[in-house]
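Numbering follows full-length UniProt numbering, with no gaps: position 45 of the sequence shown is 45.
Heads up, the beta-carbon is just placed ideally off N, CA and C, and yes, glycines get one too.
Owing to the predicted nature of the structure, the values given are computational and were not obtained by experimental measurement.
Only one structure is covered here, and it is reproduced in the block below.
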Amino acid sequence: MEIKIKDFSPKYNQMFFFDNNIWMFLFSPIGNYEKNKQSSISNFLRLLKTTNCDIVLNSLILSEFSNANLRLDFNLWKNETNNFTADYKKDYLSSTRYKDTEKLIESCINQILKLSERFSDDFNRINIENVLINFKTIDFNDAYYLELCRQNNWFFVSDDGDFQKINHSVTILKP
């Protein structure tokens with residue numbers, strides 16, 4: 001089931017898992033697009049905090065966040081320097097630009113950590129069969145997050161439209 005966050009009223013102590021795309025809207029140092037969604041998500045985040053709800057986070061989200069931002073910046077850097085054949089590992093990772101961007105991302109990660117609760121994904125307990133079934137239709141990480149939310153009875157906050165392609169029992173909240 002999908003619900004718009006503007007139509008959802010969180011209750012005390014509920015738990016929410018933010019997809020990487022939500023963290024990107026909130027904190028991507030490179031983003032700054034779709035201002036209406038950013039505003040809607042920011043307001044929802046404030047509402048969750050004032051309602052004493054938890055935003056759960058695992059390491060995979062932070063990995064996605066940092067890698068997505070670095071890849072975005074790498075593409076910008078290639079265009080800005082007209083170095084269209086640059087190699088990510090050989091050229092970009094050794095650049096001053098990478099070091100500056102990494103510092104920005106680290107700062108964003110620290111802000112995310114202050115707003116969220118770290119949770120282990122208990123990989124040994126995850127129903128990997130459900131993940132692999134959904135992986136036939138949607139991205140692996142999305143299938144994994146969906147299963148994690150199902151197992152823990154968390155609300156999944158995401159701007160991804162792929163979840164409409166599969167049957168699931170997780171409540172997805174969309175900006």
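C-alpha gap between residue i and residue j, whole angstroms
i	j	result
A143	I133	8 Å
C108	E102	10 Å
D162	K136	12 Å
F65	N153	23 Å
I61	N82	31 Å
S169	N130	12 Å
L76	D87	13 Å
Spatially closest choice to residue i from the options, by CA coordinates
i	options	result
L72	K90, N52 and R97	R97
D159	D19, N127, S9 and K114	D19
I166	S40, E147 and I5	E147
DSSP three-state assignment for residue i, whether helix, strand or coil
i	result
D19	coil
Y144	helix
K165	helix
D139	coil
residue 197	Residue 197 cannot be examined here, being either before or after the span of the chain that is shown, 1 to 175.
I30	coil
Opposing strand residues paired with residue i [DSSP bridges]
i	result
V56	F17 and E117
I172	E2 and F156
Can you list the beta strand (DSSP E) stretches of 3 or more residues lying completely in the stretch 35–118, in chain order? For the stretch 35–118, whole beta strand (DSSP E) runs of length 3 or above, ordered along the chain, are 54–57.
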